[in-house]
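Under the UniProt record's numbering, the residues of the sequence shown are numbered 1 to 168, in order. For reference, the structure discussed in these notes is given below.
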Amino acid sequence: MASYPPQGLKPTHEQILKHLRRSNEVAQRAVVLGHHPFGAVLVGPDQETVLLEQCNIDTVNHAESTLARVAATNFTPEFLWGCTLYTAVEPCCMCAGTAYWANIGRIVFGMTEEQLLQATGSHEENPTMSVPSRYVFDHCQKPVDLIGPVPEIAAETVAMQQAFWSSR
Numbered sequence: 001m002a003s004y005p006p007q008g009l010k011p012t013h014e015q016i017l018k019h020l021r022r023s024n025e026v027a028q029r030a031v032v033l034g035h036h037p038f039g040a041v042l043v044g045p046d047q048e049t050v051l052l053e054q055c056n057i058d059t060v061n062h063a064e065s066t067l068a069r070v071a072a073t074n075f076t077p078e079f080l081w082g083c084t085l086y087t088a089v090e091p092c093c094m095c096a097g098t099a100y101w102a103n104i105g106r107i108v109f110g111m112t113e114e115q116l117l118q119a120t121g122s123h124e125e126n127p128t129m130s131v132p133s134r135y136v137f138d139h140c141q142k143p144v145d146l147i148g149p150v151p152e153i154a155a156e157t158v159a160m161q162q163a164f165w166s167s168r
């Protein structure tokens, strides 16, 4: 396996909560724009500087995958390896793969894809996949640092998701 540079500073628990809550605020912006409630935030290696925010667009332009593509066109792979993508909902396999190919070195999520399925009630607009992001990253050649779920954020995010999907 190739050698990769350090993945930047490890985020503190307070930083994790702050950035995951910000991803939920971005998800609320998605709802205002008429989209599903998912948001992603890219933070620099210092674990403080927010570089990009992205809300969900549609079924093939998820917040995380769109953010990863934009990041890959604006930053070097070496820089992105030290960055962290925060998203309150575990990335699906498409988003995990896109973040991997963009060379983002760390992913932090609040609630699991399984919890999302429970919150959405298997809604036809959000047919979740039973492929945990851990599975995707365990089958990659680069050691992406995956942190999650985060219980304090999971409860908040589940409530937001349930409120949205029950009204659809």
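C-beta atoms are modelled at their ideal positions from N, C-alpha and C, and glycine is treated no differently.
{"Asked": "At which residue ranges does the UniProt domain \"CMP/dCMP-type deaminase\" (14-124) contain complete alpha helix (DSSP H) runs of 4 or more residues, listed in the order of the chain?", "Found": "63-74, 77-81, 93-102, 113-120"}
{"Asked": "For residue 91 and residue 101, what's the separation of their Cα atoms in angstroms?", "Found": "14 Å"}
{"Asked": "Have a look at residue 53 and residue 64 and give me their C-alpha separation to the nearest angstrom.", "Found": "9 Å"}
{"Asked": "Are any of the Cβ atoms in chain B nearer than 9 Å to that of residue 47?", "Found": "No chain B is present in this structure, which holds just one protein chain."}
{"Asked": "So, does the region 15-35 touch the region 44-59, judging by three or more C-beta pairs under 8 Å?", "Found": "yes"}
{"Asked": "Compare the Cα-Cα distances from residue 103 to each of 158, 117, 77 and report the closest residue.", "Found": "77"}
{"Asked": "I believe residue 97 touches residue 81 by the beta-carbon criterion, under 8 Å. Please report the beta-carbon distance rounded to the nearest angstrom.", "Found": "With a Cβ gap of about 16 Å, residue 97 and residue 81 do not count as contacting."}
{"Asked": "Considering only residues of the same chain and omitting the five flanking positions on each side of residue 147, which have a CB-CB separation below 8 Å?", "Found": "11, 16, 106, 107, 108, 109"}
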